[in-house]
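The block underneath contains the structure these notes are about, expressed in structure tokens.
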Amino acid sequence: MPKVFIDVYVFIIGLCVGSFLNVCIYRLPAGRSIVRPASACGKCGTAIRWYDNLPIVSYIILRGRCRACGASFSIRYPLVELLTGLSALAVWQHMGGQPQSVIYFLFIAALLTITFIDIDHRIIPDSISLPGIPIGLLFCLFQLIPSMRWLDSLLGILCGGGSLFVVAWTYQLLTGKEGMGGGDIKLLAMIGAFIGWKGVLFTIMASSFIGTLVGVAVMLSTRQGMKLAVPFGPFLAMGAVLYLFFGPQLIGWYLNGFSR
Ligand SMILES: [Zn+2]
């Protein structure tokens with residue numbers, strides 16, 4: 367089969383998973399079932415039929431509106447689908463058809479879900495991060511990720527959970543305020559389980575860097591203090607994904623004094 371067909375197939379699978387992520391992002395924080403009932407319009411309650419629920423395509427055909435009442439749906443639904451589709455394609459291009467490709471795609475899907483829930487509600491759901499910790503470790507124990515030994519995963523969990531805990535504790539000691547939520551700590555422990563202790567260190571550095579840039583930009587544009595509470599989860603997720611695709615190159619580049 368020509369490679370482009372497989373690419374398209376992988377992309378479409380990604381879009382469908384993205385459609386499911388939208389349901390998770392919308393329902394998990396509310397404590398609702400992600401399986402039932404079927405999706406319905408938030409305004410008029412009309413159930414959305416399958417042909418109006420195709421990822422991206424339906425949004426374009428219906429111009430982002432409910433077929434029954436005309437209420438507009440957020441552009442974020444197709445955006446999440448597109449991001450998930452592109453993630454599937456990127457993992458497939460980068461790692462090829464191995465068990466670890468599926469694992470890392472699901473890992474990115476979990477990070478996407480966490481990112482948007484954190485943006486919406488300023489929480490990182492335990493229902494994703496906590497099970498993610500033993501699941502990541504188990505994958506490594508069963509040697510499903512060739513580049514990761516189980517000890518690496520275990521150290522990643524300890525390093526991720528531990529280091530942020532120390533940062534949060536120090537910050538609180540110095541300022542008397544809570545700077546980082548427990549959700550971030552559990553998320554970084556989960557990230558450690560999947561990408562190991564080197565990945566965790568990279569994630570902390572990269573996310574602090576990106577977070578600072580964005581924080582300053584937000585501060586300058588809104589003229590408000592830093593305590594605007596920009597959620598940190600999305601930056602941790604970005605750092606982890608960056609490591610997954612470019613970690614070794616970026617670390618090499620950094621150690622060589624940005625010379626290449
Ligand atoms: Zn409607």
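Heads up: take any position in the sequence shown, counting from 1, add 366, and you land on my numbering.
Every residue, glycine too, gets a C-beta built ideally from N, C-alpha and C.
With a threshold of 7 angstroms on Cβ separation, who are the neighbours of Phe-601 within its own chain once the five nearest residues in sequence on each side are excluded?
Ser-573, Ile-576 and Gly-577
Would you give the residue range spanned by the alpha helix (DSSP H) that Val-401 belongs to?
From DSSP, Val-401 is part of no alpha helix (DSSP H); its letter is neither H nor E.
Taking the C-alpha atoms as reference points, what is the distance between Ala-555 and Gln-464?
25 angstroms
Distance between beta carbons of Cys-390 and Cys-410, contact taken as under 8 angstroms
Their Cβ separation, rounded to whole angstroms, is 23 angstroms, which puts Cys-410 and Cys-390 out of contact at 8 angstroms.
How about Ala-434: is its Cβ closer than 7 angstroms to a heavy atom in ligand 1?
yes
Leaving out five residues on either side along the sequence, give the residues of the same chain with a beta carbon under 7 angstroms from the beta carbon of Thr-479.
Leu-387, Cys-390, Ile-391 and Ile-494
From Ile-489 to Pro-444, what distance separates their C-alpha atoms?
23 angstroms
Using a Cβ-Cβ distance cut-off of 8 angstroms, determine whether Ala-437 contacts chain B.
Among the protein chains of the structure shown there is no chain B, as only one such chain exists.
Suppose contacts are defined by Cβ-Cβ distances below 8 angstroms. Is Gly-565 in contact with Ile-557 by that definition?
yes
In the structure shown, what three-state DSSP assignment does Leu-442 receive?
Residue 442 is actually Arg in this sequence, not Leu. It is helical.
If you count every other CB in all the chains shown that lies within 10 Å of the CB of Pro-497, and 16 or more means buried, which is it?
exposed
Measuring only from the beta carbon, is Ala-437 closer than 7 angstroms to any heavy atom that is part of ligand 1?
yes
N- and C-terminal bounds of the alpha helix (DSSP H) containing Pro-500
492 to 507
With DSSP as the reference, please indicate the residues paired to Ala-413 in a beta bridge.
Ala-406
Going by C-alpha distance, which of Ser-587, Leu-540 and Ser-529 is nearest Ile-570?
Ser-529
How far does the alpha helix (DSSP H) with Gly-384 in it extend, from its first residue to its last?
369 to 393
Minimum C-alpha distance to Ile-485 - residue among Val-596, Gly-397, Trp-535 and Arg-431
Val-596
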